[in-house]
Amino acid sequence: MDKHILYTCLMLLPMAPLHAQDRPLGTLQEQAAIQQQWLEARLERVLPQLMRRYGVEMWLVICREYNEDPVFSSLIAPTSFAARRRTIYVFHDRGEGQ
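Just so we're aligned, residue 1459 is where the sequence shown starts under my numbering, counting upward by one.
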């Protein structure tokens, strides 16, 4: 009889509720918001400086559906997963201070 109780307890043990895991990096939505802030900083600060340094006045990134340019994933919002139909990003440097 004791073996049956022991086996029953062992069988029910995995069914015990587990505590939620700690998320040291936040929820997925919080992570996406942080990644979006990084993206905005890169597009507003880093990209114009690089374009001026290397003399690029306009940069086109053209993607077809599910056939993205290699830099596509670094230029899109973290919640986007793929290009839709034809996606074209145009980056144009209007000059210093604009």
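Where a beta carbon is used, it is the ideal one built from N, C-alpha and C, also for glycine.
Computed from a prediction, not measured in an experiment: that's the story for all the values here.
Can the beta-carbon of residue i be found closer than 8 Å to that of residue j?
i              : j              : result
glutamine 1494 : alanine 1535   : yes
leucine 1501   : valine 1519    : no
cysteine 1521  : threonine 1537 : no
May I have the straight-line CA-CA distance separating residue i from residue j, to the nearest angstrom?
i             : j               : result
proline 1563  : aspartate 1460  : Because residue 1563 is not part of the residues shown, which for the chain are 1459 to 1556, the question remains open.
arginine 1510 : aspartate 1551  : 8 Å
leucine 1486  : tryptophan 1496 : 15 Å
With distances taken from CA atoms, which of the options is nearest residue i?
i               : options                            : result
asparagine 1525 : Tyr1512, Arg1542, Ala1499          : Arg1542
methionine 1516 : Leu1505, Leu1464, Gly1484          : Leu1505
glutamate 1554  : Leu1464, Ile1492, Ile1463, Arg1503 : Arg1503
glutamate 1523  : Ala1540, Val1514, Gly1513, Phe1530 : Ala1540
aspartate 1527  : Tyr1547, Tyr1512, Ala1491          : Tyr1547
**Asked** Residue ranges of each beta strand (DSSP E) run of no fewer than 3 residues wholly in the stretch 1482 to 1546, ordered along the chain?
**Response** 1516 to 1522
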